[in-house]
Each structure stands twice: as C-alpha cells, then as structure tokens.
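Undergrad:
In mature numbering (1 follows the signal peptide of the UniProt record, and there is no 0), the protein residues as written are -25 to -1, 1 to 502.
#1: My assumption, with CB atoms under 8 Å, is that residue 442 sits in contact with residue 279. Please give the rounded CB distance.
#2: Drop a sphere of 10 angstroms on the beta-carbon of residue 16, count the other beta-carbons inside from all chains shown, and report buried for 16 or more, exposed for fewer.
#3: For the 8 Å Cβ check, are there 3 or more pairs between the region 214 to 221 and the region 61 to 70?
#4: Between which residues of its own chain and residue 479 is the CB-CB distance below 6 Å, once the five residues before and five after are set aside?
#5: Can you tell me the Cα-Cα spacing of residue 255 and residue 328, whole angstroms?
#6: Look at the alpha carbon of residue 162 and the alpha carbon of residue 447, and state the distance between them as a whole number of angstroms.
#7: Under the DSSP definition of a beta bridge, which residues are partnered with residue 293?
#8: Can you give me the C-alpha to C-alpha distance between residue 318 and residue 75, rounded to a whole angstrom?
#9: For a quick check, are the C-beta atoms of residue 325 and residue 194 less than 7 Å apart?
#10: Hey, how far is the Cα of residue 38 from the Cα of residue 472?
#11: Decide if residue 529 is buried, meaning its Cβ has at least 16 other Cβ atoms within 10 Å, or exposed.
#12: Which residue or residues does DSSP assign as beta-bridge partners of residue 318?
#13: According to DSSP, which residues form a beta bridge with residue 171?
#14: Taking the Cβ atom as the reference point for each residue, do residue 58 and residue 152 lie within a distance shorter than 7 Å?
#15: Let me know the beta strand (DSSP E) ranges lying completely inside the region 198 to 276, each 3 residues or longer, listed in chain order.
#16: Does the pairing of the region 351 to 359 with the region 450 to 457 give three or more beta-carbon distances under 8 Å?
#17: For residue 355, write down the residues that DSSP places opposite it in a beta bridge.
#18: On a CA-only basis, which of 56, 114 and 87 is nearest residue 47? Give me that one, please.
#19: Taking buried to mean at least 16 other C-beta atoms within 10 Å of its own C-beta, is residue 322 buried or exposed?
#20: Taking C-alpha atoms, which residue in 170, 23, 400 and 450 lies nearest to residue 176?
#21: Under a Cβ-count criterion, where at least 16 other Cβ atoms within 10 Å of its own Cβ denotes burial, should residue 310 be classed as buried or exposed?
#22: Give me the Cα-Cα distance between residue 34 and residue 138, rounded to the nearest whole angstrom.
#23: Just to confirm my understanding: we take residue 105, look at its own chain, exclude 5 residues before and 5 after, and list those with CB closer than 8 Å. What are they?
#24: Hey, quick one: how far does the beta strand (DSSP E) through residue 467 stretch, first residue to last?
#25: Which value, in whole angstroms, describes the spacing of the CA atoms of residue -4 and residue 297?
#26: State the Cα-Cα distance for the pair residue 330 and residue 235, rounded to the nearest angstrom.
#27: Grab the span of the alpha helix (DSSP H) containing residue 127 for me, first residue to last.
#28: When you compare each of 165, 132, 206 and 196 to residue 157 by their alpha carbons, which one comes out closest?
#29: Near residue 170, what residues of its chain come up, given a Cβ to Cβ distance below 8 Å and the 5 sequence neighbours on each side ignored?
#30: Using CA atoms only, rank isn't needed, just tell me which of 392, 485 and 44 is closest to residue 222.
#31: Grouping DSSP H, G and I as helix and E and B as strand, with all else coil, what is residue -2?
#32: Taking 7 Å as the threshold (C-beta atoms), are residue 497 and residue 417 in contact?
#33: For residue 398, list the residues DSSP reports as bridge partners.
#34: Tell me residue 196's beta-bridge partners as DSSP assigns them.
#35: Is the beta carbon of residue 461 sitting closer than 7 Å to the one on residue 377?
#36: Give the secondary structure of residue 118 by DSSP, where H, G and I count as helix, E and B as strand, and everything else as coil.
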C-alpha cells in the first residue's frame, strides 16, 4: 500500500487560501436580529408597552394611555438590506419599522426620530411609504406617490383580524427603497440620517380609534451589511429626491472625443473636439505600472492629478496597486521587477464615448507571472463633467492571497501641499480622515487648485456587483483616497480564477452636488 504524505506547509497554504473565501461567504450571508428566544440585543424606548417573545415571534401589545413605543436594536446600522415579516391587528391604528433612527436625551427628551417604513392595516393603504418619525417633516415619501400595485401589495385579513406581510428596506448612502410582499413601493433620496438603529413601533390608538389593547407580531428579522445584494433600479417607482443640488445648469450633450496613441512613448491621449491639449492621458510604459496623468478639469482650469509627489513618491495620478499579493507590494513599487506590459490598445478611438485597455503582468520575486491585470477604461465627457469608468480584472496565474492591509486597489492622488484647501465627503456622512476604514457607496475629493476660487472634484463611485460593496476607504493625511477591499481582510484567487471590480469616477467642479452623484451612481448600477 502506498501512503501519500502531504507536507505541512502545503496544508497551511491550502488553509490560508480557503480563509478569504470563507470570510467573503460569511459576509454575504444574512445576520439575524432576533434569536427567537428572548429580546437580547433589543431595548424599549419611549412608551411603556408590553413586549414579549412567543412561538419564535416578537409580540408587542399596546397599553392604553401610553404614547408610541419602540423596541430598538442596540446596534446601529448604516448601509444595509433589511427583511422581516409583520402581522398587525387590523384594529390597530398603525405601526412602522424604524431605520437609521436615533434617540438622544437632549432631543425631545429622548424621542425616537428617523426614517419609518409605514406598517398600516387600515384601508387608507399607507404601508410601505416613508415617514420621518419624531421630527418636523412628516411624510417624506408620501402615500400619494404610491402606484396602484404598491397600494394593493399589502394582504389584509378582516376575517381573522390579523395577517402576515413581508417587508424589505434597502438603504445605501442617501438612496432608500421599500418593498411590501416583493412589490416595490417607495424610492427616496435623502441624507438627513445616514446611520442609526432599527426599531419596531407600537403606535398608540387615538381617541377615535377602537379602544383596548392590540398587538403586532414580528418574525424572521434579518439584515445584510456587507456585499449587499441590491434589487434592480428599473422598477418604475416614482423617485422623491430631497437632496440638495448645486443649482447650476448641467450640460446635456456629450462632447465629441478622439484618441491619439503614441505606442513608442506608451501614451494614450484623449482630446475633446479640435482641442490640441488632451483632457486625459493614459501612461502605459513597458516596465512601469499604468496610470492616468494628467487629467484636466472639465472647464480646462487646472490639472486634477499629481505624479509622484515628494510626500508619496509611489503615488502616480490615478492608478491601481494592490498590497501584500503573496506578501509582494504592488502599491508602493510602481516600476520594473514588479510590472511588465503585455499590451496597451485603443478599443474605440472617437465618438461620444472612447475606450482603451491596458494589460500588465504582475511579477513575483523570480520574475514569474503571479497575476495578469487588465484595466478597461471608458470616458464620456460633457462641458461640465466627465464620466470615467474602470473595469479592473485580475487573473491569477498561481494561487494568490491579497493580505489584509489598510490600502490596496484603486487610488487617486490629487495635487496637495500643506497649504491646500480641500475636503473629502462621502455618502456615509464621514468627512476627511473620519472616512478611513469606513464603508460608503461613494466618496468625493474636492481641491482648490491654483487659480481657482472653487473646488475641482473627483468622486469615486462603487458598483454593487463588487464583492465588498460598499467597499471601505483609505484616506491619507494628504487627501489621497481610494476604496480597498483589503481593509476587510485577506481575499484570494486560486490559479486560473479571476476577479472583476468596477468603479466610476465623476469629475466635476464647484460645490458638492449630491443629486448629481445619486443620479450618476444609479445609472452606473443599472449598466
């Protein structure tokens, strides 16, 4: 009999490679917010009603004379998908599901306030609309915006006096959407509350409502926070946007673009119309990491990128560099012995959209090909903004692990000196260095370049198909910025496997335009 022995280091490598996949699989699963046994992880706020666990359900019963009460999670949530089933007595006034909600002693003596998805058993058909509980705005996605299918989605059972219905909430950045029994109901854009607890409401009956104690039941309460599985945007639900806009009129017609390529110099230059100076240049030299530099502001006033500044000489405009790829550093090392060009080709050289591609080999210490990196770029330009899309693909030629690190992936270096005036804002509400390590569906760098009174901006938009969506962000003290899956932990590819990651860069000038970013992100999501 032949006994096959496996070296310990092979077993260790195999276990190491499995770990990243296990981590990702765990993140893609749902987290239950209710253990089915007790109210661990929940607390009651405001009215003193009766909350208990029965038959694997949370059951809330009103106490006459008490104000509205809420059973709330102790944990707070930012971007998420929430699903649960609700059964409400048909004689109860109404109820609701709080999300991104808050309670502070100094605000109305602890009054719960935030977004509420309506749970309404009455014939008035409000369920699924969005109300601002505990604050001045009231209905922010009003019932009159709901279509006939949305209003008819709720199952009402007058014979039994209660019924089960399925509710779903998606909250990513300022984009909030609701469903009842799988039917889309509301689509709201608002950023007053970007993080908070989940709450289950017991609404006190008014004097004109039936009197007595009434109950509501909740079960199968689950939430997803990482690697979100979002529903398509093409649901024909009216959008209500409460986001501020810059107010400036937007150019409607894209510019005509053309590409000039100098293969010997390793340069792909994009020109707008008959302009002699390129608005964007791709550098793709044989033994240097590919990068974009310079990029001109849409109005032509200033360069938005910087190449190898003294404070970070490894940073090269807009580029992609991973850290700890089998413990080899492609973020800091931008030139020979790490990179070897395979090709740099123009895919579409003129029109309203131009496209190009770079392909590079990432080399290990002995010059072997560790991974092949392909960057597919496309650009559409308007007089006041650019839409620059990147589809990055890494194909492993051997087993690789991208080790956990605080940076690694797409990175943007805008011009910076100690006197620079600028800002970093995000869809999560984090600003500047607060964003470090935090997840957000987009982030926006604004820099006051020499000769400008306003900001030139580069916003990076994450795509929901990316494995880490919403991806956490790296921010350095010189306003360098980039999303990085490596912040979450190790991730890996077995030999022959590949990974695709997509981002869109919105390049514009002036004040931050939240409405524009929401529109561009949704268009990107739908493509």
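Cβ atoms here follow ideal geometry from the backbone N, Cα and C, with glycine treated the same way.
Predicted, not measured: the structure shown is a model, and the values here were computed from it.
TA: By the coordinates alone:
#1: Not really, about 29 Å apart at Cβ, beyond 8 Å.
#2: exposed
#3: With the cut-off at 8 Å, the region 214 to 221 and the region 61 to 70 do not touch.
#4: 364, 436 and 499
#5: 13 Å
#6: 25 Å
#7: 267 and 387
#8: 48 Å
#9: no
#10: 59 Å
#11: The requested residue 529 does not occur in the structure, where the chain is confined to residues -25 to 502.
#12: 334
#13: According to DSSP, which records beta bridges pairwise, residue 171 is partnered with 52.
#14: no
#15: 214 to 216, 232 to 237, 242 to 247, 255 to 258 and 266 to 270
#16: no
#17: 328 and 362
#18: 87
#19: exposed
#20: 23
#21: Residue burial annotation: residue 310 is exposed, with fewer than 16 other C-beta atoms found within 10 angstroms of its C-beta.
#22: Distance between the alpha carbons of residue 34 and residue 138: 14 Å.
#23: 90, 91, 92, 93, 114, 115, 116, 151, 153, 161 and 163
#24: 466 to 468
#25: Confidence at residue -4 is low in this model, with a pLDDT of 42, below 50, so its placement is unreliable and the value that follows should be read with caution. Going by the C-alpha atoms only, they are around 21 Å apart.
#26: Approximately 12 Å between the Cα atoms of the pair.
#27: It is not in any alpha helix (DSSP H) - residue 127 carries neither H nor E in the DSSP assignment.
#28: 206
#29: Shown here for residue 170: same chain residues with a beta carbon closer than 8 Å to its own, the five before and five after excluded, namely 51, 52, 53, 75, 403 and 404 in chain order.
#30: 485
#31: Note that residue -2 scores 47 on pLDDT, short of 50, meaning its location in the model is unreliable; the coordinates nonetheless yield the value given after this. Looking at residue -2 - three-state DSSP - the assignment turns out to be helix.
#32: no
#33: 421
#34: Paired residue(s): none; residue 196 is not in a bridge.
#35: yes
#36: helix
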